[in-house]
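Reading through the structure tokens given below for one structure.
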Amino acid sequence: MRVDVPVRVQSFASMSPSQEHPAAGPTPLHIDRAAGPEIDLTTIGYSVTFGGSKDAVGTVLLGSPAGLEALAAFLRKIGLASSEIETARRVLSEQATTSFQI
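Residue numbers for the sequence shown, in our numbering: 21 to 122.
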């Protein structure tokens with residue numbers, strides 16, 4: 021069993037001054053962890069993947085931090101907003117949570 025928290029990360033397409041292309045759509049950032057009553061949130065490993073908006077095909081593993089503090093530091097390092105980090109931390113700290121989308 022796992023917890024999946026898709027966080028929307030805006031990615032921007034390159035734009036030249038002579039061409040006006042809209043920015044690429046949001047791409048999901050997934051944060052997964054094992055679930056269960058014996059989970060120690062200070063040491064549990066998290067899987068942070070990017071991509072795969074419809075399914076897991078095309079996802080890229082960005083990192084595997086261990087513990088909520090390491091996860092928060094990793095998410096700050098890759099540029100997530102502090103409000104999204106706090107929401108993910110809150111949801112992932114709930115033992116019964118199996119799915120959440122920001």
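For every residue, glycine included, the Cβ atom is placed at its ideal position computed from N, Cα and C. These numbers come from a predicted model, not from an experiment.
Inset, instruction - Taking the CB atoms as reference points, tell me whether Leu88 and Arg109 lie closer together than 8 Å. - result: yes
Legend entry - Limits of the beta strand (DSSP E) - the one that Ala54 falls within: Thr47 to Ala54
Inset, instruction - Give the range of the alpha helix (DSSP H) segment to which Ser67 is assigned. - result: Boundaries around Ser67 are those of the beta strand (DSSP E), Ser67 to Phe70, since no alpha helix (DSSP H) includes it.
Inset, instruction - For Val80, count neighbouring Cβ atoms within 10 angstroms of its own Cβ and tell me buried if that reaches 16, exposed if not. - result: exposed
Inset, instruction - Return the bridge partner residues of Gly78 from the DSSP annotation. - result: Partner(s): none; Gly78 has no beta bridge.
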